[in-house]
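Worksheet for the structure shown next.
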Amino acid sequence: MLDFAFEVHTNIGAKCSGGKVNRKIVPIKQVLKSGDVVEILTSRNQTPNIDWLGWVATNRAKIKIRRYLKEAEYKLAETGKEIFKRKLGQLKFVNQDEAINKLIAHFKLAGPLDLFQQLAEEKIEPSSIKNIILGIGKETDEKPELKPRPIIAPEGSAPNKTSENVIIVNETSAIEGYKPARCCNPVMGDQIFGFVTVGDGIKIHRLNGPNAAWMRDRYPYRAMDAQWSKPAEGTYFIAPIKVSGFDQLGILSSITNLISK
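Below, the structure written as structure tokens:
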């Protein structure tokens with residue numbers, strides 16, 4: 270299906286979300302046969318991803334997908350570069366190359382492109398740049414003195430902490446100094462741990478988050494065991510929901526009805 274879509278037009282291939290073969294809806298991975306009657310379905314929110322390279326057979330489609338992915342990488346890097354420049358401007362640090370080299374060495378990155386992409390994806394928080402570039406609060410095994418701020422319990426209740434190394438996170442954590450990490454967006458029910466940042470309190474990460482293994486391995490003394498408190502009756506929390514499907518008439522109504530049931 271994808272090969273056929275890219276054969277028709279590059280933009281149609283890039284926006285292909287599926288199709289109809291002989292009037293039956295099929296996924297984009299569908300292998301076409303000679304004589305099939307094909308209708309390509311597109312979505313303006315659809316974009317190619319690296320998995321597509323394993324779903325296509327023609328060189329034309331592979332070249333188009335690789336070109337799109339490379340362009341997307343550079344666009345992402347440009348966004349990260351702007352974030353980086355703004356931060357340097359705030360710090361009045363003029364040696365851009367020196368700053369880049371310090372950050373690459375600190376995070377063990379492949380190069381500037383990798384650095385800018387991770388900044389754009391919020392895998393590296395801009396607030397950490399100042400300390401790394403200016404050499405403030407360098408992390409060594411001899412300086413594990415960073416300690417989390419004690420959680421502020423509501424008046425008349427016990428502190429929301431089970432031991433020196435275990436913190437309990439609840440729906441008021443953002444107010445009390447514990448913030449969910451933007452790189453993995455943990456929600457109640459996920460397995461989590463706390464990580465003591467330099468100058469930005471404690472961030473709560475998912476144990477299976479994209480940066481979790483690296484952080485816990487490199488800075489074990491800054492990682493803390495954490496668990497969710499039992500939510501009080503009537504407590505709600507915001508969580509993102511991603512829905513993937515084929516665009517068709519009435520799909521929003523169908524999803525709404527399914528949720529309401």
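Residue numbers (the working numbering): 270 to 530. Cβ atoms here follow ideal geometry from the backbone N, Cα and C, with glycine treated the same way. Nothing here was measured: the structure is a model prediction, and the numbers come from that model.
Is residue i helix, strand or coil when you go by DSSP?
i	result
Gly-514	coil
His-474	strand
Trp-324	coil
Lys-448	strand
Gln-315	coil
Ser-529	helix
Glu-390	coil
Ser-303	coil
Phe-385	helix
Would residue i be called buried (16 or more neighbouring beta carbons within 10 Å of its own) or exposed?
i	result
Ile-332	exposed
Lys-344	exposed
Ala-482	exposed
Gln-299	buried
Leu-384	buried
Leu-521	exposed
Who are the Cβ neighbours of residue i in its own chain at under 6 angstroms, not counting the five residues just before and after it?
i	result
Lys-356	Pro-395 and Ile-398
Asn-454	none
Pro-381	Ile-369
Thr-327	Asp-272
By Cβ distance, which residues of its chain are closer than 7 angstroms to residue i, with the 5 residues on each side in sequence left out?
i	result
Lys-284	Thr-311, Ser-312, Arg-313 and Gln-315
Ile-319	Leu-338
Leu-271	Gly-282, Cys-285, Ile-297, Trp-321, Trp-324, Val-325 and Ala-330
Asn-291	Asp-305 and Val-306
Report the partner residues of residue i according to the DSSP bridge assignment.
i	result
Glu-308	Lys-289
Gly-463	Ile-473 and Met-493
Val-295	Gly-288
Among the options, which residue has its Cα nearest to the Cα of residue i?
i	options	result
Tyr-337	Lys-289, Phe-275, Phe-362 and Gln-299	Phe-275
Asp-516	His-278, Gly-287, Gly-282 and Ile-281	Gly-287
Arg-329	Ile-352, Thr-279 and Lys-361	Thr-279
Ile-471	Met-493, Asn-318 and Trp-483	Met-493
Met-484	Ser-529, Phe-462 and Asp-469	Phe-462
Lys-511	Ile-528, Leu-518 and Gly-519	Ile-528
Arg-451	Pro-509, Arg-487 and Gly-514	Pro-509
Glu-390	Glu-351, Ile-520 and Ser-513	Glu-351
Pro-479	Glu-340, Ile-373 and Ile-393	Ile-393
Thr-348	Phe-362, Arg-335, Pro-317 and Leu-388	Leu-388
Comparing the CB of residue i with every heavy atom of the ligand MN, is any distance shorter than 6 angstroms?
i	result
Phe-273	This structure does not include the ligand MN; it has no bound ligands of any sort.
Give every residue of the same chain whose Cβ lies closer than 8 angstroms to the Cβ of residue i, excluding the five residues on either side of it in the sequence, and list them in chain order.
i	result
Lys-226	Shown here, the chain extends from 270 to 530; a query on residue 226 therefore has no answer.
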